[in-house]
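Structure first, commentary second.
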Amino acid sequence: MNYLEEQIISIGKIRIKNHLADIGIETVRAEIIKGLKAPKKYISSKFFYDEKGSQLFEEITQLAEYYPTRTEKKILSSFVKNSSIDFTDLSIIELGSGDSSKIKLLLKQISQNSLSSIRYFPVDISASAILKSSEELMQEFELKSITGIVADFVHQLNVLPKAGRRLFCFFGSTIGNFRKAEQKKFITELGNEMQAGDALLLGMDMVKDISVLEKAYNDEKGVTAAFNKNILNVINALCNANFDIDDFEHIAFYNQAENRIEMHLKALKEMDVSLNSGFNIIHLRKGEKIHTENSHKFTDKDIKSIEKWGNLKIKNIFTDENRWFKLIYFVKSR
Ligand SMILES: C[S@@+](CC[C@H](N)C(=O)[O-])C[C@H]1O[C@@H](n2cnc3c(N)ncnc32)[C@H](O)[C@@H]1O
């Protein structure tokens, strides 16, 4: 996560631009310190994704317990023939693209004629994820172009390309990482950004049996625990801090009142942590938790709310045999 310098990388038909420098390191440090000084400490889940965090997330998606990726990919693998989307001359903008493995599944189902007219725009906070996935994609598919956008999609929707007919993809139920009020704000802003003819393909993880949910975030190999703790390494790098990840325990549970999995890091001892090379000190009591992620689970009522907030129209809903995950195709008509 490079908040320091604007950077442009060009490799053949791939171009990647870092917009995080427009936010700036001081703003990010202030945001992190605000969360760590709050009565209930928190760190935004966007800080999971440095190079190691992105790799660990890829590992999570392959775990037996982690059903969301497997289920959404199964829905996507037969998506194109069941949808009425015209992919010719389309600009595909994928928010939180990660390893781009889901877009690959989609592209595999499209004819070469259409592929060579498609512009793909992966948008992610993780520059390493965009670079690696763009190179892989260019080797596998003859697309018109790939333009990677390293940006924070919460604050920087304004940097997205405006031209052409656009399909916004937001997979992985990443929308569930936002609190309810943030979901409403984000979808309203995205809806305002969309023009008539644009569309949104949104992946949403549905409410289900608690034991299935809790297992998915407490895997036996401890990969989710390593992913959760790595956020402290990212904070160390961004804020010149001295968190020791071994002083924390990974906690994940389902909060039924809020329909969400919560991940926390629990302090195993009382400690003072230094940030900004000692300029800020954060005190933690033994047992005190830092809230690192929410992963909201959705109902059909929530899908209707998204339609309303974004001023969108639901065209199709695709799901699996258990109805565990839904992929909703929304269109913007005016
Ligand atoms: C839950 S992962 C999903 C990855 C992939 N779309 C999938 O479905 O497997 C969330 C992705 O969004 C990115 N991300 C999280 N918060 C972000 C933000 N505020 N701005 C841009 N990217 C963000 C992360 O780097 C990560 O690649």
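The sequence shown begins at -4 in the numbering used here and counts up by one. Virtual Cβ for every residue (Gly too), placed ideally from N, Cα, C.
Buried versus exposed call for residue i [16 or more other C-beta atoms within 10 Å across all chains shown]
{"i": "Glu215", "result": "exposed"}
{"i": "Ile27", "result": "buried"}
{"i": "Ile87", "result": "buried"}
{"i": "Pro156", "result": "exposed"}
{"i": "Asn254", "result": "buried"}
{"i": "Arg174", "result": "exposed"}
{"i": "Val229", "result": "buried"}
{"i": "His278", "result": "exposed"}
{"i": "Lys224", "result": "buried"}
{"i": "Thr22", "result": "exposed"}
{"i": "Arg114", "result": "buried"}
{"i": "Gly217", "result": "exposed"}
{"i": "Phe274", "result": "exposed"}
{"i": "Asn289", "result": "buried"}
{"i": "Gln251", "result": "exposed"}
{"i": "Ile276", "result": "exposed"}
{"i": "Ala33", "result": "exposed"}
DSSP-derived helix/strand/coil call for residue i
{"i": "Ser5", "result": "strand"}
{"i": "Thr294", "result": "coil"}
{"i": "Leu162", "result": "strand"}
{"i": "Phe148", "result": "coil"}
{"i": "Met199", "result": "strand"}
{"i": "Thr287", "result": "strand"}
{"i": "Asn213", "result": "coil"}
{"i": "Leu155", "result": "coil"}
{"i": "Phe43", "result": "helix"}
{"i": "Ser123", "result": "helix"}
{"i": "Ile11", "result": "strand"}
{"i": "Ser95", "result": "coil"}
{"i": "Phe52", "result": "helix"}
{"i": "Phe116", "result": "strand"}
{"i": "Ala194", "result": "strand"}
{"i": "Gly330", "result": "With the chain running from -4 to 329 in the structure shown, residue 330 is simply not present."}
{"i": "Ile80", "result": "coil"}
{"i": "Ile38", "result": "coil"}
Test: residue i CB closer than 8 Å to a CB of chain D
{"i": "Thr66", "result": "Considering every chain present, this structure includes no chain D. It has just one protein chain."}
Nearest-angstrom beta carbon gap, residue j and residue i [assumed within contact, 8 Å]
{"i": "Tyr37", "j": "His286", "result": "4 Å"}
{"i": "Ile55", "j": "Tyr61", "result": "5 Å"}
{"i": "Phe148", "j": "Gly91", "result": "7 Å"}
{"i": "Asn213", "j": "Ala247", "result": "5 Å"}
{"i": "Phe52", "j": "Phe222", "result": "6 Å"}
{"i": "Val268", "j": "Phe238", "result": "6 Å"}
{"i": "Arg24", "j": "Leu208", "result": "Incorrect: roughly 34 Å between the Cβ atoms, too far for contact."}
{"i": "Leu195", "j": "Leu307", "result": "6 Å"}
{"i": "Phe116", "j": "Ile144", "result": "6 Å"}
{"i": "Leu110", "j": "Glu137", "result": "6 Å"}
Residue i - containing alpha helix (DSSP H), residue span
{"i": "Leu63", "result": "Checking the sequence shown, residue 63 turns out to be Pro, not Leu. Counting along the chain, the alpha helix (DSSP H) containing Pro63 begins and ends at 62 to 71."}
{"i": "Thr364", "result": "Past the edges of the chain, shown from -4 to 329, lies residue 364, and the structure says nothing about it."}
{"i": "Asn108", "result": "107 to 110"}
{"i": "Ile87", "result": "Looking at the DSSP string, Ile87 is not in any alpha helix (DSSP H); the run it does join, the beta strand (DSSP E), is 85 to 90."}
{"i": "Phe74", "result": "74 to 77"}
{"i": "Lys32", "result": "20 to 32"}
Boundaries of the beta strand (DSSP E) in which residue i is found, first to last residue
{"i": "Val229", "result": "Element bounds for Val229: not the beta strand (DSSP E) but the alpha helix (DSSP H), 218 to 234."}
{"i": "Val348", "result": "In the structure as shown, the chain begins at -4 and stops at 329. Residue 348 is therefore absent and cannot be evaluated."}
{"i": "Ile277", "result": "275 to 279"}
{"i": "Thr314", "result": "308 to 314"}
{"i": "Arg255", "result": "255 to 262"}
{"i": "Glu244", "result": "243 to 250"}
{"i": "Leu322", "result": "320 to 326"}
Cβ-heavy atom distance, residue i to ligand 3, below 7 Å
{"i": "Ala124", "result": "Looking at this structure, you won't find ligand 3 anywhere; what it does contain is ligand 1."}
Same chain, Cβ closer than 7 Å to residue i, five either side skipped, listed in chain order
{"i": "Gly311", "result": "Per the sequence presented here, residue 311 reads as Asn, with Gly not at that position. Cβ within range, chain order: Ser78, Tyr324."}
{"i": "Asp200", "result": "Pro63, Ser168, Gly171, Lys292, Phe293, Phe320"}
{"i": "Ile105", "result": "Val75, Phe82"}
{"i": "Arg161", "result": "Ser86, Ile88, Asp193"}
{"i": "Leu100", "result": "Lys68, Leu71, Ser72"}
{"i": "Met266", "result": "Asp242, Leu279"}
Chain-order list of residues whose beta-carbon lies under 8 Å from that of residue i (same chain, five-residue window excluded)
{"i": "Glu130", "result": "Ile6, Ile9"}
{"i": "Gln151", "result": "His14, Asp17, Ile18"}
{"i": "Ser123", "result": "Asp45, Glu46, Ser49"}
{"i": "Lys264", "result": "Asp242, Lys281"}
Same chain only: Cβ atoms within 6 Å of residue i, ignoring 5 sequence neighbours per side
{"i": "Ile4", "result": "Ile11"}
{"i": "Leu197", "result": "Phe165, Ile323"}
{"i": "Phe272", "result": "Position check: residue 272 holds Ser in this sequence, whereas Phe was assumed. These residues qualify, in order along the chain: Asn235."}
{"i": "Lys227", "result": "It is Leu, not Lys, that sits at residue 227 in the sequence shown. The residues are Phe238, Ile240."}
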